[in-house]
Amino acid sequence: MTSLQVDASPSRTTVARGTPSRTVAAELRGLVKRFGGVTAVDGLDLTVTQGEVVAFLGPNGAGKTTTIDMLLGLSTPDSGSVQVFGTGPRQAVAEGRVSAVMQSGGLLRDLTVAETLRLTACLFSHTRSVTEVLERAGITSIADRRVGKCSGGQQQRVRFAMALLPDPDLIVLDEPTTGMDVEGRRDFWNAMHADATRGRTVVFATHYLEEADAYADRIVLVSGGRVVADGTPAEIKAMSAGRLVTATWPGAGTGEALQLRALPGVEDVELRGETVLVRAADSDAVARHLLTHTPAHDLQVTSRGLEDAFIALTGHPHTTPDTVDLTGATR
Amino acid sequence: MTATALPTTTAPVQRGVPALGGFSLTFLQLETRRLLRNRRTLVFSLVMPPAFFFLFGGSAQSGESAGRGNVSAYIMISLMVYGAMLATTSAGASVAVERAQGWSRQLRLTPLDPVAYMATKALSALVLGAMSIATVMVAGAVGGASMPAWAWVVAALVAWVGAMVFAAFGLFMGYLLPSENVMQLLGPALALLAFLGGLFVPLDLLGSTFRSIAQFTPAYGVGALARLPLTGDPMSWGALANVVVWTAVFVTGAVLRFRRDTARV
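Chains as they are written, first to last, in full-length UniProt numbering: chain P, 1 to 331; chain R, 1 to 265.
What follows is the structure, encoded as structure tokens:
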């Protein structure tokens with residue numbers, strides 16, 4: 001089914017998925033988008049099959065929102081192609097096959113919640129009833145409230161209810177819980193999850209590792225506008241199941257680093273001044289080699305979590321407001 | 001309210017693309033309701049024009065005859081045009097607010113065709129324009145405006161249809177100006193245009209150079225046409241050309257800006 005492929009570049013590992021025979025919900029091929037001199041999306045490939053719940057995980061500026069805009073037909077790629085259920089994204093949107101919950105904006109403050117939904121509903125040819133989506137999003141009690149008077153979390157559930165109206169086969173959420181408190185995020189995901197059990201395809205962008213881990217059955221890690229890892233949460237974690245060996249090695253250079261890289265089970269070697277950092281599946285072998293064959297000393301072995309996989313694969317330290325001890329997976 | 005368990009498997013909704021690009025009367029009705037909820041729009045469109053009539057239409061000479069009616073009716077027609085101008089411009093310019101709030105972008109996640117959106121905006125502007133004209137007519141009826149019944153109807157219809165110029169002007173400005181408070185800029189601009197269009201002071205009272213320039217401003221044409229039923233003057237093709245040309249200019253401007261707006265993201 002799935003196979004683990006380690007590519008030639010020392011810091012990038014890719015879990016390539018086999019091609020399942022189920023219906024393809026979305027297919028992105030060689031997507032490139034530039035803004036002036038900045039390349040936001042740089043040759044991104046992604047295939048989402050029907051029924052998958054995919055987390056699009058990456059640091060800020062990884063190209064998540066730009067990719068989602070192209071997936072929804074809100075912007076056009078400079079090169080590459082987007083297919084949603086075998087048609088262009090605009091057609092899929094018009095048919096109500098794909099809908100989205102955007103990060104912010106997109107609501108009129110002077111309408112009530114129910115009016116907003118009635119307005120959205122009247123633009124589609126066929127929809128679920130307003131009563132039903134209010135119920136599903138858990139906002140029946142605030143139906144008559146002005147949108148401008150709703151909290152951020154409530155507004156996000158209004159956006160979610162709007163996205164449910166056309167009963168889409170694919171729902172896309174762009175960082176849906178940004179700015180929500182922990183409770184608001186949990187409520188939102190509970191509502192989301194209750195709905196997703198119905199077999200809808202879900203793609204959500206997030207920079208919260210915990211969300212990706214808890215709610216997705218597939219994580220696509222993006223960095224620098226490309227997919228750097230793709231697999232189930234378990235597979236992504238397995239990539240980081242190895243350990244980090246740190247040692248002080250005065251005078252270590254590229255030659256020494258390459259030697260270490262050649263050791264069995266070594267995934268990545270990094271030099272920071274006199275400190276050498278080795279990521280490896282077999283930390284004992286690395287430690288033994290360092291202590292017996294090199295002048296390295298002050299050796300330390302630490303286990304790695306998803307956080308480290310994130311850093312290793314994206315090259316960005318991961319930050320969240322409610323995660324403490326971001327870098328120290330030391331145990 | 002009792003929470004009813006929703007069926008876990010419901011028949012999928014039918015798929016299809018709506019007719020008329022997503023245009024619907026529900027949309028138009030909600031748009032109009034939003035306009036009526038905006039206090040500033042209400043004051044501009046439905047309070048100020050009749051208030052102006054009572055201020056200026058009730059003066060000493062207002063009972064004097066003018067054409068087929070009296071001076072009061074003349075002032076009433078001018079203020080019908082002014083009210084419709086304000087109403088349609090503020091309705092059209094509300095796209096600025098919607099762009100600022102990200103609503104225009106949200107609408108692109110629906111089947112709504114951009115042309116249907118602009119048509120709905122223009123129609124809701126005309127609904128508000130009609131309400132504004134009606135309030136001025138009520139003020140006129142109460143305040144002594146007098147002319148033949150058919151002249152009331154024709155003048156009102158001309159003021160209303162001619163307000164299309166300003167619905168287009170509002171849309172253009174709404175796409176041109178990035179502000180949520182676009183009417184703070186447009187209010188004074190409209191007052192100036194109304195003055196140049198002879199809606200506040202008859203242009204005959206002003207210098208000839210000024211008058212010849214004023215004839216080319218956007219409020220002149222509709223004002224001149226709306227007064228014809230009262231004055232009994234011959235049809236002014238120049239005034240009609242003024243309305244047609246300015247409408248074309250503003251519609252073109254709005255469409256060009258709109259294209260840029262959607263292409264940018």
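Using N, Cα and C, we set each Cβ at its ideal position, and we do this for glycine too.
Problem - Bridge partner(s) assigned by DSSP for P:S79 - result: P:V32
Handout entry: Cβ-based neighbour list, P:G152, same chain, cut-off 8 Å, excluding 5 preceding and 5 following
Key = G179, M180 and G184
Exercise for the section: Use the C-beta contact count for P:H207: other C-beta atoms within 10 angstroms, 16 or more gives buried, fewer gives exposed. Expected result: buried
Practice task
Return the chain-ordered list of same chain residues with a C-beta closer than 7 Å to the C-beta of R:S124, the five sequence neighbours on each side being excluded.
Solution key: L28, E31, T32, L35 and A91
Handout entry: Cross-chain neighbours of P:A94 in chain R, by beta carbon under 7 Å
Key = V17 and P111
Handout entry: Cutoff 6 Å; reference residue 338 of chain P; Cβ partners in own chain excluding five residues on either side
Key = Summary: the structure shown does not reach residue 338 of chain P, with chain P confined to residues 1 through 331, and so no result is reported for it.
Practice task
Please name the residue in P:V203, P:D174 and P:Y215 whose C-alpha comes closest to that of P:A194.
Solution key: P:Y215
Practice task
For P:L173, name the three-state secondary structure that DSSP assigns.
Solution key: strand
Exercise for the section: Quick one: residues in its chain with C-beta nearer than 6 Å to the C-beta of P:A8, no 5 flanking neighbours on either side, listed in chain order? Expected result: At P:A8, the pLDDT of 37 sits below 50, so the modelled position is not reliable; the number obtained from the coordinates is stated separately. Counting only Cβ-Cβ distances below 6 Å, and skipping sequence neighbours, we find nothing.
Handout entry: Buried or exposed (CB count within 10 angstroms, at least 16 for buried), P:L260
Key = buried
Practice task
Note down, in chain order, each residue of its chain lying with its Cβ closer than 7 Å to the Cβ of P:A280, except the 5 sequence neighbours on either side.
Solution key: G242, R243, V245, G265, V266, E267 and V286
Handout entry: In DSSP terms, what P:E270 is bridged to
Key = P:L277
Exercise for the section: Helix, strand or coil for R:F53, going by three-state DSSP, please let me know. Expected result: helix
Problem - Residues from the region 30-59 of chain R in contact with chain P, defined by Cβ distance under 9 Å - result: L30, E31, R33, R34, R37 and N38
Exercise for the section: Assuming R:Q101 and P:R22 form a contact by the criterion Cβ under 8 Å, report the distance between their Cβ atoms to the nearest whole angstrom. Expected result: Incorrect: roughly 39 Å between the Cβ atoms, too far for contact.
Exercise for the section: Please check if any C-beta of chain P sits within less than 9 Å of the C-beta of R:S236. Expected result: no
Handout entry: Positions along the region 126-156 of chain P whose CB lies within less than 8 Å of some CB in chain R
Key = H126, T127, R128, E132, E135, R136, T140 and S141
Exercise for the section: Please check if any C-beta of chain R sits within less than 9 Å of the C-beta of P:L291. Expected result: no
Practice task
Along the beta strand (DSSP E) that carries R:S78, what are the first and last residues, could you check?
Solution key: Counting along the chain, R:S78 falls outside any beta strand (DSSP E), though it belongs to the alpha helix (DSSP H) covering V71 to A100.
Exercise for the section: Can you pull the chain P residues whose beta carbon is under 8 Å from the beta carbon of R:A98, in chain order? Expected result: Residue identity differs from the one stated: residue 98 of chain R is Glu in this sequence, not Ala. Near R:E98 (Cβ distances below 8 Å), the residues of chain P are L108.
Exercise for the section: Could you list which residues in chain R have their beta carbon closer than 7 Å to that of P:R200, in chain order? Expected result: In chain order: nothing, as chain R lies at least about 10 Å away.
Problem - Euclidean distance between Cα positions of P:V203 and P:S104 - result: 17 Å
Exercise for the section: Output, in sequence order along the chain, the residues in the region 19-36 of chain P whose CB is closer than 7 Å to any CB in chain R. Expected result: none
Exercise for the section: Anything in chain P within Cβ reach of R:F27, meaning under 9 Å, just list it in chain order. Expected result: L119, C122 and L123
Practice task
Starting from P:D213, follow the beta strand (DSSP E) in both directions and report where the run begins and ends.
Solution key: Premise fails: P:D213 lies in the alpha helix (DSSP H), L209 to Y215, not in any beta strand (DSSP E).
Exercise for the section: Can you check DSSP and say which residues form a bridge with P:D230? Expected result: P:V220
Practice task
Kindly list the residues whose CB is nearer than 6 Å to the CB of R:S45, restricted to its own chain and excluding five residues on each side of it in sequence; keep chain order.
Solution key: L86, A87, L128 and S132
Exercise for the section: List the residues of chain P that R:G170 touches, going by C-beta distances under 8 Å, in chain order. Expected result: Near R:G170 there are no residues of chain P at all, since even the closest Cβ is about 17 Å away, more than 8 Å.
Handout entry: P:S146 (DSSP reduced to helix, strand or coil)
Key = The displayed chain sequence assigns Arg, not Ser, to residue 146 of chain P. Residue state, collapsed to three classes: strand.
Practice task
Decide if the region 142-159 of chain R is in contact with the region 68-85 of chain R; the criterion is three or more beta carbon pairs, one per stretch, under 8 Å apart.
Solution key: yes
Exercise for the section: Just the C-alpha distance for P:A262 and P:A191, rounded to the nearest angstrom, thanks. Expected result: 49 Å
Exercise for the section: With a threshold of 16 other CB atoms inside 10 Å of the CB of P:G36, please say whether the residue is buried or exposed. Expected result: exposed
Practice task
Indicate the three-state DSSP secondary structure (helix, strand or coil) for R:R39 in the structure shown.
Solution key: helix
Handout entry: 9 Å Cβ cutoff, P:E115 in contact with chain R
Key = yes
Exercise for the section: Consult DSSP for P:D85 and reduce its assignment to one of helix, strand or coil. Expected result: Looking at the sequence provided, one finds Phe at residue 85 of chain P rather than Asp. Reduced to three states, the DSSP call for P:F85 is coil.
Handout entry: Local Cβ density within 10 Å of R:T252, reported as buried at 16 or more and exposed below that
Key = exposed
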